[in-house]
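Counting from 1, position 82 in the sequence shown corresponds to residue 87 in this note's numbering; the numbering is continuous, with no gaps. For each residue, glycine too, the CB sits at the ideal point set by N, CA and C.
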Amino acid sequence: MRIELSTEPGDPARPNEDYASVAVPASGQGGSLVVLDGVTPPPGDDGCLHSVPWFTARLGGALAELSASRRDVTLLDILAAAIARTADTHRATCDLSHPRTPQATVVLARWDADRVEHLVLSDSALLVEAPDGTVTPLLDDRLDRVPRSSLVSNEVADATVRNKEGGFFTAAADPSVAARAVTGTLPRAEVRALAALTDGVTRWVEKFHEGDWADLFALVRKEGTEATLARVRSLELADAESRTYLRRGKTHDDASLVYVEL
Numbered sequence: 006m007r008i009e010l011s012t013e014p015g016d017p018a019r020p021n022e023d024y025a026s027v028a029v030p031a032s033g034q035g036g037s038l039v040v041l042d043g044v045t046p047p048p049g050d051d052g053c054l055h056s057v058p059w060f061t062a063r064l065g066g067a068l069a070e071l072s073a074s075r076r077d078v079t080l081l082d083i084l085a086a087a088i089a090r091t092a093d094t095h096r097a098t099c100d101l102s103h104p105r106t107p108q109a110t111v112v113l114a115r116w117d118a119d120r121v122e123h124l125v126l127s128d129s130a131l132l133v134e135a136p137d138g139t140v141t142p143l144l145d146d147r148l149d150r151v152p153r154s155s156l157v158s159n160e161v162a163d164a165t166v167r168n169k170e171g172g173f174f175t176a177a178a179d180p181s182v183a184a185r186a187v188t189g190t191l192p193r194a195e196v197r198a199l200a201a202l203t204d205g206v207t208r209w210v211e212k213f214h215e216g217d218w219a220d221l222f223a224l225v226r227k228e229g230t231e232a233t234l235a236r237v238r239s240l241e242l243a244d245a246e247s248r249t250y251l252r253r254g255k256t257h258d259d260a261s262l263v264y265v266e267l
């Protein structure tokens with residue numbers, strides 16, 4: 006089994022808000038991976054005493070433990086339990102109803118000799134490679150379907166589409182959001198490798214248009230996770246002045262990538 010994991014902050018002066026881990030074996034068989042992309046809040050009060058890295062460390066840690074140790078529990082129920090556990094750690098001190106309470110996107114995958122389970126919530130991605138080389142992106146595309154008019158400002162987005170019906174969902178403090186995740190199971194024989202990516206890496210496809218998902222997967226397989234992040238950073242630097250592709254987005258975002266050959 007080949008496993009690679011790379012993560013780095015968008016700004017070395019700021020903590021990385023992503024979380025990534027791999028557990029092998031999970032409950033004595035197979036394995037599991039977790040990738041989270043913490044959502045950076047706008048300046049101002051978010052109702053919480055804690056930082057986004059504090060939140061992703063706790064949510065990610067709960068997901069890693071539960072997905073590895075409780076093979077009898079579905080990934081959907083594991084996400085709900087991890088959200089509830091994390092919320093309980095700061096419910097007494099923080100306003101968890103605030104729309105900007107710490108939150109994150111989620112990718113979970115778990116495998117054994119018979120099957121590969123997956124869960125994706127919000128705009129991180131899971132790529133699945135079949136034995137014949139076909140690459141399938143497993144995505145939650147609700148954010149892409151939100152009208153641009155609903156994203157003109159943080160205030161508008163928070164009031165109309167963030168964790169709301171008809172909008173998009175992230176893992177924050179409400180366990181019921183787990184039911185919004187994209188989930189599924191594939192036969193183990195149909196999966197050769199997996200790649201889980203935060204949007205700091207998926208911008209190679211979605212912003213810079215360097216290739217499609219299969220091209221990105223081939224890059225990861227050939228050059229590895231560290232080199233793939235370096236490729237993204239080079240593209241960001243090349244576009245930093247013209248903003249042809251980045252436009253109003255961050256020049257550098259936190260970027261995390263987990264690659265597993267089963």
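Asked                                                                                                         : Found
Every unbroken beta strand (DSSP E) within the segment 165-219, with a cutoff of 3 residues, ordered by chain : 187-192, 198-202
Leu54 in three-state terms, based on DSSP                                                                     : coil
Length at least 3, wholly inside the segment 99-138: the beta strand (DSSP E) runs in chain order             : 109-116, 120-126, 130-134
At least 3 beta-carbon pairs within less than 8 Å: the segment 155-168 vs the segment 239-256                 : no
Assumed close pair Ala260, Leu224 - CB separation to whole angstroms, cut-off 8 Å                             : With a Cβ gap of about 14 Å, Ala260 and Leu224 do not count as contacting.
Which of helix, strand or coil DSSP assigns to Gly66                                                          : helix
Whole-angstrom distance between Arg63 and Ser32, CA atom to CA atom                                           : 20 Å
Pair within 8 Å by beta-carbon distance, Gln108 and Ala186                                                    : no
Touching by the beta-carbon criterion (3+ pairs, under 8 Å), the segment 113-129 and the segment 140-150      : yes
Short Cβ contact (8 Å threshold) for Leu101 with Ile83                                                        : no
Separation of Arg236 from Phe174, as counted between CA atoms                                                 : 29 Å
Helix, strand or coil at Arg7 [DSSP, three-state]                                                             : strand
Reduced DSSP category for Glu280 - H, G, I as helix; E, B as strand; rest coil                                : Shown here, the chain extends from 6 to 267; a query on residue 280 therefore has no answer.
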